[in-house]
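Residue numbers (UniProt numbering), protein chains in the order written: chain A, 1 to 385; chain B, 1 to 385. For every residue, glycine included, the Cβ atom is placed at its ideal position computed from N, Cα and C.
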């Protein structure tokens, strides 16, 4: 057993090797690599797996038993060659392009990222837009609109490259020439699902397609779930657009919440099973109801950034009126006029309150005096200079 | 000025008179009646308004000036005759049918209720279902469904008798022979809006139509807003089904919140302006997202009542499996079989972990041994006895 056929002391090769050996997340492996560094940790693993040194503690023995089977025939240079042939690049934690936000994952941080596309996009602040594969046209529409708005503001739309909501999110970002990040569960050599391969090629042009597992790795169920933690960790906020009551998309929200990152959910018809998971997130997990890109940016934004404009500015006829004046205006007869005493009785106000309110209404051009009585004034367009 | 033409010492007549004199809510009138009782408060008002005694404090002078205009020609017996002719009944705070929940309004409590229909329904615990007149067919559907579920559980569906969401709520309750309460802004002699008069007649058969203003009172804008506090106060919870960004229905929610009663909002498509107010309630006012009658009953319910059944009971193939077993099952080849060592490498687990998981999968009937290898077992229907 192993003496690996490549330079064990190269930290980037070692990081790549760990991403092949370990089925992430594996806190023991994360702790070991954090403690010793990828190269020394790998040398230690080869030494104990090869029987040249022994492990005392039981939990380490169990871990080594879990990692050792993948040391057989391991030559990470082959996977790196595959990546290079696709124009891709390995990004290790020591590289300047490594996304700082992944550090919040602690021992569950990935060992390396296998990246196709514009590597610097990894460092762009991201917002995750995720959701069901079995989405409705409503959900796809909202996903694309939100993603476009987010991308237009300069953030990267992070998603999982799946059918449905994910694909619509990537497309929305691309539609405004924005940047977007597709985090795949399998290797980036195999653009999965196949039906999205043209879309994912386009993502790799304008943004990045990235995975924590080397080329050749299949996208297993386990890796889909593990991948969701990376989508959440790369993003300032995660938004679920559509999700069934039990849906993988909810796991991304769970990871975001575990990282204390804000979670948004898009409401939909209660009659749509595709929105049931979103409503559940709001009810049970405290997800914030978000209805457009501006609200998502507010959710993701730091203090003062992306503040929503006030939508409650007065617009209606009665909006500028104080409650008393509004009551008096309502008490004026629909047709004809009435003396102050009658208006007071109708409004349930004193004569002096009514007089004062009528004065204000007169100034505002909504009531007028006719002899000793008062009537509504038909609203005129303000004159133009 | 006034010596009123009816027995000033009859507390029920006096309560009825106050409901005519005062444009509610009027905290000063509420405090006065609470302090002196309706009859003595009325005698005092007649005395000071008639100049037979004087008022010292300025705030009381202003209040009297507000109330006095409606003492002219006041004879509340006429309105009571109108009500009786319609088969209705006055309910005063001293009556046993007076709804106790209104006491939470304090000085803004109504002086009397003018009721048509089955008076005891007033004491049935209520849930308010309110919303926009300009509703969509989606909103009307949800309103009717929720109301039916609430009425079936024995609660009364409280609403405002308006077109749209309110009407659908009343109809939903009637459709299951439930009870429902329509709180009108104007007098109960005039079933407003006219287009809903047949519906409101039906409400008066199965439940109650009620108002705090006497017959003959017009449903002014001011009274609509005032009426909303009564809908909220009569209900254990208030739910807004559809509402525009700025909508009167939101005022009911505001009153419920002010009374520390729970507020629910029904989500809808973010593309629907008719749901914008509901989403706003969730975002800005902490309204709870509710999607069906069971969730509304949970919101309204006391401890232990109407608890939701757990919807997360396992249903899928992998649901009962521990994460390790699920990973091992995924690592088994789709076709054919594989030795334990290969499964361990594919799963990223140790050989002993895989052996133990395969044992559990075999017991569960999802994996089986073939010689020295393992394969997936096609799922069979459980045999019936």
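So which residues on chain A does residue 222 (chain B) lean against when the C-beta distance must stay under 9 Å?
Along the second chain, read from residue 1 onward, the residue named residue 222 (chain B) stands at position 222. In chain order: 323, 326, 327, 330, 331, 347 and 348.
Between B:230, B:243, B:321 and B:55, which lies nearest to residue 100 (chain B) when the distance is taken from Cα to Cα?
Taking the second chain and counting its residues from 1, one reaches residue 100 (chain B) at position 100. Comparing Cα-Cα distances from residue 100 (chain B) to each of B:230, B:243, B:321 and B:55, the minimum goes to B:230.
Taking DSSP as the reference, what is the three-state secondary structure of residue 219 (chain A)?
One-based indexing of the first chain puts residue 219 (chain A) at position 219. Coil.
Give a yes or no on whether the minimum CB-CB distance between residue 9 (chain A) and chain B is below 9 Å.
Taking the first chain and counting its residues from 1, the one referred to as residue 9 (chain A) is at position 9. No, residue 9 (chain A) lies away from the interface with chain B (no Cβ there is under 9 Å from its Cβ).
Check residue 230 (chain B) in the structure and name its three-state DSSP category.
Your numbering for residue 230 (chain B) matches position 230 in the second chain. The answer is helix: DSSP assigns residue 230 (chain B) an H, G or I state.
Any contact between the stretch 148–165 of chain B and the stretch 187–195 of chain B? By contact I mean 3 or more CB pairs, one from each, below 8 Å.
yes
For residue 280 (chain B), is the classification buried or exposed, using 16 other Cβ atoms within 10 angstroms of its Cβ as the cut-off for buried?
Taking the second chain and counting its residues from 1, the one referred to as residue 280 (chain B) is at position 280. Per the 10 Å Cβ criterion, buried.
Distance check for residue 130 (chain B) and residue 123 (chain B), CA to CA, integer angstroms please.
Your numbering for residue 123 (chain B) matches position 123 in the second chain. Your numbering for residue 130 (chain B) matches position 130 in the second chain. Taking the straight line from one Cα to the other gives about 20 Å.
Residue 171 (chain A) burial status per 10 Å Cβ neighbour count (16 or more: buried):
Along the first chain, one-based indexing puts residue 171 (chain A) at 171. So residue 171 (chain A) counts as buried.
Taking residue 126 (chain B) as the query, report the chain A residues whose CB atoms sit under 9 Å from its CB, ordered along the chain.
Stepping through the second chain from its first residue, residue 126 (chain B) is reached at position 126. Going along chain A, no residue has its Cβ under 9 Å from residue 126 (chain B), so there is no contact; the nearest lies around 22 Å.
Residue 114 (chain A) and residue 251 (chain A): beta carbons closer than 9 Å?
Position 114 of the first chain, counted from the first residue, corresponds to residue 114 (chain A). Position 251 of the first chain, counted from the first residue, corresponds to residue 251 (chain A). For residue 114 (chain A) and residue 251 (chain A), no; Cβs fall outside 9 Å.
CB contact below 9 Å: residue 91 (chain B) versus chain A
In the second chain, residue 91 (chain B) corresponds to position 91, counting from 1. Cβ-Cβ to chain A under 9 Å: no for residue 91 (chain B).
Please go through the same chain and pick out, in chain order, the residues whose beta-carbon is closer than 6 Å to the beta-carbon of residue 268 (chain A), but skip the five residues on each side of it.
Working through the first chain from its first residue, we reach residue 268 (chain A) at position 268. Cβ within range, chain order: 275.
My output table needs one value for residue 201 (chain A): the three-state DSSP class, helix, strand or coil.
Against the first chain, residue 201 (chain A) aligns to sequence position 201. Residue 201 (chain A): helix per DSSP, three-state reduction.
By Cβ distance below 8 Å, which residues in the same chain neighbour residue 189 (chain B) in space, the five residues on each side in sequence not counted?
What you label residue 189 (chain B) is simply residue 189 of the second chain in a count that begins at 1. Around residue 189 (chain B): 82, 83, 86, 215 and 216.
What residue range does the alpha helix (DSSP H) around residue 98 (chain A) cover?
Here the question's residue 98 (chain A) lines up with position 98 in the first chain. First-last for residue 98 (chain A): undefined, no H or E at that position.
How would you list, in chain order, the residues of chain B whose beta-carbon sits under 8 Å from the beta-carbon of residue 65 (chain A)?
Translated into positions along the first chain, residue 65 (chain A) becomes position 65. Ordered by position in chain B, the residues that pass the 8 Å Cβ test against residue 65 (chain A) are 350, 351, 352 and 353.
Can a CB atom of chain B be found closer than 9 Å to the CB of residue 164 (chain A)?
Numbered from 1 along the first chain, position 164 holds the residue referred to as residue 164 (chain A). For residue 164 (chain A), the answer is no, since every Cβ of chain B falls outside 9 Å of its Cβ.
Looking at the structure shown, is residue 372 (chain A) part of a helix, part of a strand, or coil, going by DSSP?
As a working mapping, residue 372 (chain A) is identified with position 372 in the first chain. In the structure shown, residue 372 (chain A) sits in coil (DSSP, three-state: anything other than H, G, I, E or B).
Out of A:271, A:283, A:323 and A:292, which has the shortest C-alpha to C-alpha gap to residue 137 (chain B)?
One-based indexing of the second chain puts residue 137 (chain B) at position 137. Out of A:271, A:283, A:323 and A:292, A:271 has the C-alpha closest to the C-alpha of residue 137 (chain B).
Proximity of residue 349 (chain A) and residue 23 (chain B) at Cβ, strictly below 9 Å:
On the first chain, residue 349 (chain A) is found 349 positions in, with the first residue counted as 1. On the second chain, residue 23 (chain B) is found 23 positions in, with the first residue counted as 1. Contact flag set, yes.
Excluding the 5 residues preceding and the 5 following residue 300 (chain A) in the sequence, name in chain order all residues of the same chain whose CB lies nearer than 6 Å to its CB.
Mapped onto the first chain, residue 300 (chain A) falls at position 300. 127, 236 and 237, listed in sequence order.
Start and end of the beta strand (DSSP E) containing residue 113 (chain A)?
The residue labelled residue 113 (chain A) in the question sits at position 113 within the first chain. Here the beta strand (DSSP E) through residue 113 (chain A) covers 113–117.
Alpha-carbon to alpha-carbon, residue 322 (chain B) and residue 362 (chain B):
One-based indexing of the second chain puts residue 362 (chain B) at position 362. One-based indexing of the second chain puts residue 322 (chain B) at position 322. Going from the Cα of residue 362 (chain B) to the Cα of residue 322 (chain B) covers about 14 Å.
Segment limits, beta strand (DSSP E) that includes residue 209 (chain A)
Position 209 of the first chain, counted from the start, is the residue given in the question as residue 209 (chain A). Per DSSP, residue 209 (chain A) belongs to the beta strand (DSSP E) from 208–211.
Cutoff 9 Å: residue 21 (chain B) Cβ touching any chain A Cβ:
What you label residue 21 (chain B) is simply residue 21 of the second chain in a count that begins at 1. Chain A, which has a Cβ nearer than 9 Å to the Cβ of residue 21 (chain B), makes this yes.
With a threshold of 7 Å on Cβ separation, who are the neighbours of residue 27 (chain A) within its own chain once the five nearest residues in sequence on each side are excluded?
For the purposes of this step, residue 27 (chain A) is taken as residue 27 along the first chain, with counting starting at 1. Counting only Cβ-Cβ distances below 7 Å, and skipping sequence neighbours, we find 107 and 108.
Hey, does residue 192 (chain B) have any beta-carbon neighbour from chain A nearer than 9 Å?
On the second chain, position 192 is the one that residue 192 (chain B) refers to. So, not an interface residue.
What residues are listed by DSSP as bridge partners for residue 89 (chain B)?
Stepping through the second chain from its first residue, residue 89 (chain B) is reached at position 89. DSSP lists B:115 as partners of residue 89 (chain B).
Residue 273 (chain A) versus residue 110 (chain B) - alpha carbon distance:
In the first chain, the residue the question calls residue 273 (chain A) occupies position 273. In the second chain, the residue the question calls residue 110 (chain B) occupies position 110. Taking the straight line from one Cα to the other gives about 43 Å.
What is the DSSP secondary structure of residue 135 (chain B), reduced to helix, strand or coil?
Here the question's residue 135 (chain B) lines up with position 135 in the second chain. Three-state DSSP puts residue 135 (chain B) in coil, outside helix and strand.
With a threshold of 9 Å between beta-carbons, can residue 75 (chain B) be considered close to chain A, or not?
What you label residue 75 (chain B) is simply residue 75 of the second chain in a count that begins at 1. Residue 75 (chain B) does not count as touching chain A.
Alpha helix (DSSP H) runs contained entirely in the stretch 49–86 of chain A, provided each spans 4 or more residues:
58–67 and 76–85
Do we get a CB-CB distance below 9 Å when we pair residue 104 (chain B) with the residues of chain A?
Position 104 of the second chain, counting from 1, holds the residue named residue 104 (chain B). Closer than 9 Å: no.
Beta-carbon neighbours of residue 266 (chain A), restricted to chain B and to distances below 7 Å:
On the first chain, position 266 is the one that residue 266 (chain A) refers to. Result: 270.
Considering only the alpha carbon of each residue, which of A:147, A:134 and A:119 lies closest to residue 204 (chain A)?
Against the first chain, residue 204 (chain A) aligns to sequence position 204. Closest option to residue 204 (chain A), Cα to Cα, is A:119.
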